[in-house]
Amino acid sequence: MKILKMAKALATAFVDNLLTCSICLEEYEDPRVLTCNHTFCLKCITDHGNRTQHKNEQDGFQFLCPLCREPNAVPSGGLRTLKKNFAFIKAIEILEEQQKNKDEEQATIDEVKQAISKLTIQCQNHSGRELLYYCSLDETTVCGDCIIDYHQGHKCVRVEDVAENEKERLKSAIEKPLQELQRLKQEEENATRIAEQRKRQREAVVSDIKQDLRKIVEAAEDHSRRLNAEVASVEDDETKQLEAFKDELEMRQVTIHSACEFAEQLIQSGTDAVVMSQSKALLERLSNLSESLQTDIPLNISMLDFSRVITYKPIDRSLDDMLGNIQVSLSTDSGEARQSGRERRLFSRVITPEEIAAGYTVPLSRSSSTGSTSQSSLEERPLLKQTFNAKLVDDKDRCSVSDMIVDDSYIYLADMSNNRVKILTHSGQIQTVLAANEPGGVEVLPNGDICVSIFDDQLVRVFDAQGRQSMTLGKGLMKEPFGVTMISQNQLVICDSVKKRLVILEPTSGKHLSSIALDMCNIPCCIAVNLSNGSIIVSDYGGDCVFVMTLSGEVIAHYGSPGCGDGELWQPKGVCSDSSGRIFIADYWNHRVVMISKYGRFLKNVVTREDGLKNPQAVAFDTQEQLVVAEESGFIKTFQISL
Numbered sequence: 002m003k004i005l006k007m008a009k010a011l012a013t014a015f016v017d018n019l020l021t022c023s024i025c026l027e028e029y030e031d032p033r034v035l036t037c038n039h040t041f042c043l044k045c046i047t048d049h050g051n052r053t054q055h056k057n058e059q060d061g062f063q064f065l066c067p068l069c070r071e072p073n074a075v076p077s078g079g080l081r082t083l084k085k086n087f088a089f090i091k092a093i094e095i096l097e098e099q100q101k102n103k104d105e106e107q108a109t110i111d112e113v114k115q116a117i118s119k120l121t122i123q124c125q126n127h128s129g130r131e132l133l134y135y136c137s138l139d140e141t142t143v144c145g146d147c148i149i150d151y152h153q154g155h156k157c158v159r160v161e162d163v164a165e166n167e168k169e170r171l172k173s174a175i176e177k178p179l180q181e182l183q184r185l186k187q188e189e190e191n192a193t194r195i196a197e198q199r200k201r202q203r204e205a206v207v208s209d210i211k212q213d214l215r216k217i218v219e220a221a222e223d224h225s226r227r228l229n230a231e232v233a234s235v236e237d238d239e240t241k242q243l244e245a246f247k248d249e250l251e252m253r254q255v256t257i258h259s260a261c262e263f264a265e266q267l268i269q270s271g272t273d274a275v276v277m278s279q280s281k282a283l284l285e286r287l288s289n290l291s292e293s294l295q296t297d298i299p300l301n302i303s304m305l306d307f308s309r310v311i312t313y314k315p316i317d318r319s320l321d322d323m324l325g326n327i328q329v330s331l332s333t334d335s336g337e338a339r340q341s342g343r344e345r346r347l348f349s350r351v352i353t354p355e356e357i358a359a360g361y362t363v364p365l366s367r368s369s370s371t372g373s374t375s376q377s378s379l380e381e382r383p384l385l386k387q388t389f390n391a392k393l394v395d396d397k398d399r400c401s402v403s404d405m406i407v408d409d410s411y412i413y414l415a416d417m418s419n420n421r422v423k424i425l426t427h428s429g430q431i432q433t434v435l436a437a438n439e440p441g442g443v444e445v446l447p448n449g450d451i452c453v454s455i456f457d458d459q460l461v462r463v464f465d466a467q468g469r470q471s472m473t474l475g476k477g478l479m480k481e482p483f484g485v486t487m488i489s490q491n492q493l494v495i496c497d498s499v500k501k502r503l504v505i506l507e508p509t510s511g512k513h514l515s516s517i518a519l520d521m522c523n524i525p526c527c528i529a530v531n532l533s534n535g536s537i538i539v540s541d542y543g544g545d546c547v548f549v550m551t552l553s554g555e556v557i558a559h560y561g562s563p564g565c566g567d568g569e570l571w572q573p574k575g576v577c578s579d580s581s582g583r584i585f586i587a588d589y590w591n592h593r594v595v596m597i598s599k600y601g602r603f604l605k606n607v608v609t610r611e612d613g614l615k616n617p618q619a620v621a622f623d624t625q626e627q628l629v630v631a632e633e634s635g636f637i638k639t640f641q642i643s644l
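In my numbering, the protein residues as written are 2 to 644.
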């Protein structure tokens, strides 16, 4: 049965690949061969030639082959005089004869091969005679009768005597074309691959645009809420002042009115006896009232304080000036990029609070300065030593960094949107990728294992140095684990943003050691240990501040309030400390890194937007005491800073 199926498949393949017209996709009907050796049905090629032929001044009428596009001259007798492909005609006849004699399923492989071997070409001049000879003078195949009738005296040899040599010539002739064909196929594959890469790149740009647009809307809505709150605060103060003033007016009016009204009624309607009996008490009351009017401060609307004026001034800049743009760069021979000069306005960066607030005048609002003005203009700026993008070729989405740590050898980066932790060298070369569903925080244990807090799974996963998961920690103890840090050899601290507490575990066994409440926080997220005194630094993303606390839960320092100036933060993210205990804060929406003392006193802004920083998400120090900053978009920037 298997042999029969193979025979059937071989016969079918023979018909489909050799005996099918490329135009009508049916079995050849009166096959005719062109000068380029492609074969078509006579009707098909005639229709094609009549429809597409054109006149050439040198060669007359021509048409292009439908397959290879090579020009073919129209024969003087018309397209009907194109040479027949006798090999295909004979093949069709043999297959049709076998189909009549035997059912297709019963054909054997030998029979199919035998049919193929019978593909001999018949002589056009002598019916039934096979073309068994080759005339080298006329360079054509002939039968025995043709030698007698037309080729006497010519050198004619049997076709098998010269066919092998001709095959070798053909092999040699097609060697370079086949190499070119292979090269073209490879180039086609390269073009397809590059097209896919470019498509993914464009899709990533579109994703960036959409994400930045969402950030712009969120930033604008947040700032609008802040402005409305300021207006409401002023309105509330004035309303209370006016209500108190009106209450006092009403009380004094009631007192005067009641006394005067009673006196008037007594004068107009009272009998002499009644007047005399009530007069003494009423006069005494009116005398006291007169004295109070002289001694009490007169009520006047000018007494109220309306000096605080709240006004609104629209943004005086074009919205386009506050939006980003796409820059198309051309690669040079040296590998550097140069700008092509074409730009399009797009939402490629987020409107900052300073930009949104530009032009607004709210006398009672908090400071809206960037904070950089308080620093001396002579102060040494940070030096950008290195920058690279941690986005990988196989990332399915744009980077969304949630945490980063740096040790002697590697940078560990939690990429939430791509569900992975990337381990890179300090120069940005990827070493290992750990699969982790929405990683929040990352930490390296003393034994080299890697801890990753997982949002969705509500636990911490531990991976060994080879990237294999070895255990899980904290299951059932946390709602939304985020920041994670080691505070000693056997104490791992995890920040639960929803339950608002620090969970302390023994990292090797997972034993729950204790918990510390963070009731003072709104949305706690990132944590770090202060290297100088072992205190815990907690960033409150929702409260725009940072707390420093002991392991017993005592708050020893607090820094920040909502805003953009010195002493203010806007949704702080990652925190760290240097060996001296100074604390560094990634001030996300203010696009800066703030340095404060271990006791919460503002020192300075060490890196700002002026230094090329945008949406810092995490901060850490490398072994050379250089500040490493991870932007949310995946750019890792290393600065040499002055302290």
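No residue lacks a Cβ here, since even glycine has one placed at the ideal position from N, Cα and C.
Following the DSSP letters along the chain, one finds Gly544 in no beta strand (DSSP E), marked with neither H nor E. In the DSSP secondary-structure assignment, His55 is bridged to Gln63. Counting along the chain, Glu189 sits inside the alpha helix (DSSP H) bounded by residues Val160 to Ser270. Within the same chain, Cβ atoms closer than 8 Å to the Cβ of Leu250 are found at Leu300, the five residues on either side in sequence being excluded. Annotation for Glu381: Ser643 place their beta carbon closer than 8 Å to its own, counting only its chain and skipping 5 residues before and after. Going by C-alpha positions, Leu96 is about 11 Å away from Phe89.
Counting along the chain, Cys452 sits inside the beta strand (DSSP E) bounded by residues Ile451 to Ile455. In the DSSP annotation of this structure, the continuous segment of the alpha helix (DSSP H) that includes Gly145 starts and ends at Gly145 to Asp150.
Rounded to whole angstroms, Leu478 and Glu188 show a C-alpha spacing of 56 Å. Counting only runs of at least 3 residues, the stretch 406 to 482 fully encloses the following beta strand (DSSP E) elements, listed from N- to C-terminal order: 411 to 416, 421 to 426, 431 to 436, 440 to 445, 451 to 455, 460 to 464 and 470 to 474. Contact fails between the stretch 220 to 234 and the stretch 260 to 274, because fewer than three Cβ pairs, one in each stretch, are under 8 Å apart. Nearest in C-alpha terms to Phe622, of all of Ile584, Cys136 and Gln459, is Ile584. By the Cβ criterion, the stretch 204 to 216 is not in contact with the stretch 278 to 290, since fewer than three pairs of Cβ atoms, one from each stretch, lie closer than 8 Å.
Look at the stretch 602 to 638 and you find these whole runs of beta strand (DSSP E), each 3 residues long or longer: 603 to 608, 617 to 622 and 628 to 632.
With distances taken between CA atoms, Phe483 lies nearest to Cys452 out of Ser471, Cys452, Ser510 and Gly468.
For Arg52, the closest of Pro67, Asp416 and Asn38 by C-alpha to C-alpha distance is Pro67. At a Cβ-Cβ threshold of 7 Å, Gly635 and Phe603 do not count as neighbours. Tyr589 counts as buried, since at least 16 other C-beta atoms from the protein chains shown sit within 10 angstroms of its C-beta. The C-beta of Pro315 has fewer than 16 other C-beta atoms within 10 Å across all chains shown, which makes the residue exposed. Distance from the CA of Gly154 to the CA of Cys124, rounded to the nearest whole angstrom, comes to 20 Å.
Of the candidates Tyr413, Ser410, Glu439 and Ser288, Glu439 places its Cα closest to the Cα of Asp398. For Asp31, there is no enclosing beta strand (DSSP E), as DSSP gives it neither H nor E. Bridge partners of Lys85 according to DSSP: Arg33. For Ser401, same chain residues with a beta-carbon under 7 Å away, outside a window of 5 residues either side, are Asp416, Met417, Ser418 and Glu633 in chain order. The residue from Lys386, Ile538, Asn606 and Ser403 with its alpha-carbon nearest to that of His427 is Lys386. In the same chain as Cys526, and ignoring 5 residues on each side of it, the C-beta atoms closer than 7 Å to its own belong to Phe483, Gly484, Cys496, Ser498, Ser540, Tyr542 and Lys574, in chain order. Cβ contact annotation for Thr36 (same chain, cutoff 6 Å, sequence separation greater than five): Asn73, in chain order.
Within its own chain, the residues whose Cβ lies closer than 6 Å to the Cβ of Ser580, once the five positions on either side in sequence are excluded, are Leu532, listed in chain order. Under a 10 Å Cβ-count criterion, Asn86 is classified as buried, with 16 or more other Cβ atoms of the shown protein chains found around its own Cβ. Taking the Cβ atoms as the reference, Leu425 lies roughly 12 Å from Ile406, outside the contact range of under 8 Å. Rounded to whole angstroms, the Cβ separation of Leu503 and Ile537 is 7 Å, and the two are in contact under 8 Å.
Judged by DSSP secondary structure, Phe585 falls within the beta strand (DSSP E) whose first and last residues are Ile584 to Asp588.
Excluding residues up to 5 positions away in sequence, Thr53, Glu71, Pro72 and Asn73 lie with their Cβ nearer than 8 Å to the Cβ of Leu65 in the same chain.
Rounded to the nearest whole angstrom, the C-alpha separation of Leu185 and Glu169 is 24 Å. Relative to Asn534, the option among Gly582, Glu555, Ser259 and Leu506 whose CA is nearest is Gly582. Separation of Asp306 and Glu444 (C-alpha to C-alpha, rounded to the nearest whole angstrom) is 56 Å.
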